[in-house]
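Peer 1: Below is the structure I would like to discuss, written out as structure tokens.
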Amino acid sequence: MTSAPLERIRLWLRHSAERAESVSNMKVWLLAAAVGVLVSYGVILFTIAVEALTTWAYGEGTSLLAQGARGLEPWRAFLVPVVGGLIVGAILWLAQRFHILPDIRCQGVAEVIEARASPPGHVSLAGGAANTIAAGVALGFGASAGREGPLVLMGGSMATFLARRFKLSAKDARTLLGCAAAAAVSAAFNAPIAGVLFALEVVLSNYALSIFGPVTLSSVVSLLIAQSQLGDVHRFDIPAYASAAPYDIPLGAVLGLICGAVAWSFLQTAAKGRKMSRQLIAKRRVPAFLLPVIAGVGMGVIGIFLPEVLGFGYEATSQALNGNYSLSLLTILLVAKLFATVLCLSCRFGTGVFSGGIYLGAISGAAFGIALSFIFPDSAVANPTFFAMIGMGAVSGAIIGAPISTTLIVFEITGDYQMTAALMIAVGIASVMVQVFFGSSWFHYQLNQRGYDLSHGPQGVILNTIRVRDVMRAMPPDAAPLEEDAPRLLANQTLGEALAQMTDLGLDGMPVVADKDDARIVGTLTQIRALRTYNSALVESHIEHHR
Numbered sequence: 001m002t003s004a005p006l007e008r009i010r011l012w013l014r015h016s017a018e019r020a021e022s023v024s025n026m027k028v029w030l031l032a033a034a035v036g037v038l039v040s041y042g043v044i045l046f047t048i049a050v051e052a053l054t055t056w057a058y059g060e061g062t063s064l065l066a067q068g069a070r071g072l073e074p075w076r077a078f079l080v081p082v083v084g085g086l087i088v089g090a091i092l093w094l095a096q097r098f099h100i101l102p103d104i105r106c107q108g109v110a111e112v113i114e115a116r117a118s119p120p121g122h123v124s125l126a127g128g129a130a131n132t133i134a135a136g137v138a139l140g141f142g143a144s145a146g147r148e149g150p151l152v153l154m155g156g157s158m159a160t161f162l163a164r165r166f167k168l169s170a171k172d173a174r175t176l177l178g179c180a181a182a183a184a185v186s187a188a189f190n191a192p193i194a195g196v197l198f199a200l201e202v203v204l205s206n207y208a209l210s211i212f213g214p215v216t217l218s219s220v221v222s223l224l225i226a227q228s229q230l231g232d233v234h235r236f237d238i239p240a241y242a243s244a245a246p247y248d249i250p251l252g253a254v255l256g257l258i259c260g261a262v263a264w265s266f267l268q269t270a271a272k273g274r275k276m277s278r279q280l281i282a283k284r285r286v287p288a289f290l291l292p293v294i295a296g297v298g299m300g301v302i303g304i305f306l307p308e309v310l311g312f313g314y315e316a317t318s319q320a321l322n323g324n325y326s327l328s329l330l331t332i333l334l335v336a337k338l339f340a341t342v343l344c345l346s347c348r349f350g351t352g353v354f355s356g357g358i359y360l361g362a363i364s365g366a367a368f369g370i371a372l373s374f375i376f377p378d379s380a381v382a383n384p385t386f387f388a389m390i391g392m393g394a395v396s397g398a399i400i401g402a403p404i405s406t407t408l409i410v411f412e413i414t415g416d417y418q419m420t421a422a423l424m425i426a427v428g429i430a431s432v433m434v435q436v437f438f439g440s441s442w443f444h445y446q447l448n449q450r451g452y453d454l455s456h457g458p459q460g461v462i463l464n465t466i467r468v469r470d471v472m473r474a475m476p477p478d479a480a481p482l483e484e485d486a487p488r489l490l491a492n493q494t495l496g497e498a499l500a501q502m503t504d505l506g507l508d509g510m511p512v513v514a515d516k517d518d519a520r521i522v523g524t525l526t527q528i529r530a531l532r533t534y535n536s537a538l539v540e541s542h543i544e545h546h547r
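The sequence shown begins at 1 in UniProt numbering and counts up one residue at a time.
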């Protein structure tokens, strides 16, 4: 007969095993490590390729691109981005022609968020490769864009491939997407903590324990491999400066207001730029593959007069951090970089907004610091370097809607923790301003343009991402057609729209057609079936977010 202590131990072990199974999956952990390895080498190859292209085109790598462009003949400085636009346009056209990409445009973080939110969620491996090549060419030839977009998408395509290959559940597939995002940010920016929080905050919108572990593993593995190949590189050299005084914190809040205005201006201009590019295609009949060429022409003109705006802008950002620019030049660079980045994003000449946000923030903060030195010449106000670092986090965090991870990225990029309190306040104020006056981050704006509103929490995501075609009961092909005025649902409508339409009409169920002009019934959907699907998805979402 088993003694009571042994029985309690056996019961405790069984319960522990059950809890371990609910918060961990060995297959997911192993695949998370694999994603970290694959994404890290993808980042390494991408970084080497962009550096090689930039050196070939301008004579210097990305850190000294402006210096290299300044040494070129004006005709060559103009021609390099134009040629880059031609190549990118050709790559995107071929990718769309052979059904590798859905349309002629570069993809980025928004597509990975969409894959996470919308069942079944998929990022094509071939599409990820084509997009990475196009983005690498654009950046190598001087496009004013960032790395996080193409690299996160590349990682997402790898994660999707592994999830399908090993038949992971929808929850575990989403976790692997987060692992890929964390690995990409960690390796690209030498920022493992920020990589984890970027994946949880931006891509997954989920901090569950069962997700945190694999995402962290992937981020650390990716960082270790990247550092072994590329070294422990910090892109910016931060000069020594005096410790911040207590009154520098409220000044950081004022800078947060300025950075919020800069981020709002960028987002507003980018939204209008996207609208204009769509009008060029629809109304002016400009072929979509020529848009990168238009951006290349614009970047070529800018590159002749202001080469500091080309590419990532590392050189100009470092100069601003070191206080080497005048207030007038900083103002000119701020306007030029904003215009150049919007031009490239709108005309599909690259993707990624984080590097642009870092640049705009550093310039804004440095200008603010110089202005303070003019206003208070005899005071002990912190120097422009202090405010430039705060600006880096405030503008970029407000643009991408990730105040926590952006704050940590700035910490990890600069290696400086003296401005912690002022930075957090500035990032918070700038982010709130963007949410109030623009309504969403850049990534969520892109998703809103495609009919996805993810701003209302898990229940809103469910109602906006599950489509009628996913839950309807299919009808045989020979079903009788609908009468002309009969109420109907469209297969592409969201579950929320279908429920609202049935409620408004007082109907318990409705037939489903493929298109509003098509009377052929492809399925039926009842309120009971729709609500059962919604309740089931809501329960699954609750469990996923709390385990």
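Don't be surprised by glycine CBs; every beta carbon is placed ideally from N, CA and C.
Determine which residues share a DSSP beta bridge with A474 and list them.
Peer 2: Position 474 of the sequence shown, counted from the start, is the residue given in the question as residue 474. The partner list for A474 (beta bridge, DSSP) reads G523.
Peer 1: Cα-Cα, which of I521, A367, M475, N448 is closest to E483?
Peer 2: Here residue 483 is taken as the residue at index 483 of the sequence shown, counted from 1. When each option's Cα is compared against that of E483, the closest is I521.
Peer 1: Is there contact between the stretch 104 to 113 and the stretch 315 to 328, where contact requires at least three CB pairs shorter than 8 Å?
Peer 2: Verdict: no, contact absent.
Peer 1: What does a CB cutoff of less than 7 Å around G260 pick up in its chain, not counting 5 residues either side in sequence?
Peer 2: Within the sequence shown, residue 260 is the residue found at index 260, counting from 1. Contacts found: A398, I429, A430, M433, V434.
Peer 1: Counting pairs of Cβ atoms below 8 Å between the stretch 54 to 63 and the stretch 277 to 289, do you hit three or more?
Peer 2: Judged by Cβ distances under 8 Å, the stretch 54 to 63 makes no contact with the stretch 277 to 289, as fewer than three pairs qualify.
Peer 1: Take L290 and list the residues in its own chain whose beta-carbon comes closer than 7 Å to its own, dropping the five residues that flank it on each side.
Peer 2: Sequence index remark: in the sequence shown, residue 290 carries index 290 (1-based). Contacts found: G89.
Peer 1: What ranges does the alpha helix (DSSP H) occupy inside the stretch 350 to 401, keeping only unbroken runs of at least 4 residues that lie completely in it?
Peer 2: The stretch 350 to 401 contains these whole alpha helix (DSSP H) runs: 354 to 375, 384 to 400.
Peer 1: Which complete alpha helix (DSSP H) runs does the stretch 156 to 210 hold, if anything under 4 residues is left out?
Peer 2: Runs found: 170 to 189, 192 to 198.
Peer 1: What is the DSSP secondary structure of G509, reduced to helix, strand or coil?
Peer 2: Numbered from its first residue, the sequence shown carries residue 509 at position 509. It is a strand residue.
Peer 1: What does the alpha-carbon distance come out to for the pair A181 and F198?
Peer 2: The sequence position of residue 181 within the sequence shown is 181, counting from 1. The sequence position of residue 198 within the sequence shown is 198, counting from 1. So the two alpha carbons sit approximately 8 Å from each other.
Peer 1: Going by Cα to Cα distance, which pick from M158, V335, V342, L204 is closest to S144?
Peer 2: Translated into positions along the sequence shown, residue 144 becomes position 144. It is V342.
Peer 1: Just tell me which of V513, F443, A126 has its CA closest to the CA of L98.
Peer 2: On the sequence shown, position 98 is the one that residue 98 refers to. The question names Leu, yet the displayed sequence has Phe at residue 98. The candidate whose alpha carbon is nearest that of F98 is A126.
Peer 1: If you check the beta carbons only, do V50 and G300 fall under 8 Å apart?
Peer 2: Walking along the sequence shown from the start, residue 50 turns up at place 50. Walking along the sequence shown from the start, residue 300 turns up at place 300. Taking 8 Å as the Cβ cut-off, V50 and G300 do not qualify as a contacting pair.
Peer 1: Got a sec, what are the start and stop residues for the alpha helix (DSSP H) H444 sits in?
Peer 2: Mapped onto the sequence shown, residue 444 falls at position 444. H444 -> alpha helix (DSSP H) spans 442 to 449.
Peer 1: Put M490 into one of helix, strand or coil per three-state DSSP.
Peer 2: The sequence position of residue 490 within the sequence shown is 490, counting from 1. The residue asked about is misnamed: residue 490 is Leu in this sequence, not Met. Three-state result, L490: strand.
Peer 1: Within 7 Å: the Cβ of F387 and any heavy atom of the ligand GTP?
Peer 2: This structure does not include the ligand GTP; it has no bound ligands of any sort.
Peer 1: Leaving aside the five residues before and after V137 along the sequence, list all residues of the same chain whose C-beta is less than 8 Å from its C-beta, in chain order.
Peer 2: Walking along the sequence shown from the start, residue 137 turns up at place 137. The residues are L53, G84, I87, V88, I91.
Peer 1: Below 8 Å on the Cβ atoms is my contact criterion, and I expect G506 with T524 to pass it. Report the Cβ-Cβ distance as a whole number of Å.
Peer 2: Here residue 506 corresponds to residue number 506 of the sequence shown, with the count starting at 1. Here residue 524 corresponds to residue number 524 of the sequence shown, with the count starting at 1. Their Cβ separation, rounded to whole angstroms, is 17 Å, which puts G506 and T524 out of contact at 8 Å.
Peer 1: Using a Cβ distance threshold of 8 Å, determine whether the stretch 140 to 157 contacts the stretch 468 to 486, with at least three qualifying pairs required.
Peer 2: Output reads no: the stretch 468 to 486 does not touch the stretch 140 to 157.
Peer 1: Quick check on the DSSP output: the alpha helix (DSSP H) that includes I132 runs from which residue to which?
Peer 2: As a working mapping, residue 132 is identified with position 132 in the sequence shown. In the sequence on display, residue 132 carries Thr and not Ile. Start and end: 125 to 140.
Peer 1: Can at least three beta-carbon pairs, one atom from the stretch 466 to 481 and one from the stretch 418 to 428, be found at a separation below 8 Å?
Peer 2: The stretch 466 to 481 vs the stretch 418 to 428: no contact.
Peer 1: Assuming A159 contacts L176 under a Cβ cut-off of 8 Å, what Cβ separation, rounded to an integer in Å, is found between them?
Peer 2: Position 159 of the sequence shown holds residue 159. Position 176 of the sequence shown holds residue 176. Indeed they touch by this definition, with Cβ atoms about 4 Å apart.
Peer 1: Could you compute how far the alpha carbon of L531 sits from the alpha carbon of R165?
Peer 2: Walking along the sequence shown from the start, residue 531 turns up at place 531. Walking along the sequence shown from the start, residue 165 turns up at place 165. Cα to Cα, the separation comes out at about 32 Å.
Peer 1: Measure the alpha-carbon distance for A77 versus G357 and round it to whole angstroms.
Peer 2: As a first step, residue 77 is located in the sequence shown; it is residue number 77 there, counting from the start. As a first step, residue 357 is located in the sequence shown; it is residue number 357 there, counting from the start. If you take the alpha carbons of A77 and G357, they lie about 24 Å apart.
Peer 1: Identify which residue in A514, I302, K516, L489 has its Cα closest to the Cα of D504.
Peer 2: Stepping through the sequence shown from its first residue, residue 504 is reached at position 504. Nearest C-alpha to D504: L489.
Peer 1: How far does the alpha helix (DSSP H) with K27 in it extend, from its first residue to its last?
Peer 2: Residue numbering aside, residue 27 sits at position 27 when the sequence shown is read from its first letter. First-last of the alpha helix (DSSP H) with K27: 26 to 58.
Peer 1: So, helix, strand or coil for R467, using DSSP?
Peer 2: Locating residue 467 in the sequence shown gives position 467, counting from the first residue. Correct three-state label for R467: strand.
Peer 1: Relative to the C-alpha of L333, which candidate in G365, E111, L538, H122 has its C-alpha closest?
Peer 2: Residue numbering aside, residue 333 sits at position 333 when the sequence shown is read from its first letter. Nearest option by C-alpha distance: G365.
Peer 1: Can you find at least 3 beta carbon pairs, one from the stretch 25 to 42 and one from the stretch 217 to 225, that sit closer than 8 Å?
Peer 2: Short answer: they touch.
Peer 1: Which residues bound the alpha helix (DSSP H) around P74?
Peer 2: Position 74 of the sequence shown, counted from the first residue, corresponds to residue 74. Counting along the chain, the alpha helix (DSSP H) containing P74 begins and ends at 74 to 97.
Peer 1: Would you mind giving the Cβ-Cβ distance between S387 and A110, rounded to the nearest angstrom? I have them listed as a contact below 8 Å.
Peer 2: In the sequence shown, counting from the first residue as 1, residue 387 sits at position 387. In the sequence shown, counting from the first residue as 1, residue 110 sits at position 110. Reading off the sequence shown, one finds Phe at residue 387, where the question assumed Ser. Actually they do not touch by this definition, with Cβ atoms about 31 Å apart.
Peer 1: Assuming G323 and P384 form a contact by the criterion Cβ under 8 Å, report the distance between their Cβ atoms to the nearest whole angstrom.
Peer 2: The sequence position of residue 323 within the sequence shown is 323, counting from 1. The sequence position of residue 384 within the sequence shown is 384, counting from 1. Indeed, because the Cβ distance is near 5 Å, the residues count as touching under 8 Å.
Peer 1: How would you call A537, buried or exposed, if buried means at least 16 neighbouring beta carbons within 10 angstroms?
Peer 2: Reading the sequence shown from its first residue, position 537 is the one you call residue 537. Buried, since its Cβ has 16 or more Cβ neighbours within 10 Å.
Peer 1: So, F339 versus I400, is the Cβ gap smaller than 8 Å?
Peer 2: If you number the sequence shown from 1, residue 339 lands on position 339. If you number the sequence shown from 1, residue 400 lands on position 400. Contact flag unset, no.
Peer 1: Between which residues of its own chain and L217 is the CB-CB distance below 8 Å, once the five residues before and five after are set aside?
Peer 2: Translated into the one-based positions of the sequence shown, residue 217 becomes position 217. These residues qualify, in order along the chain: W29, A32, A33, G36, C179.
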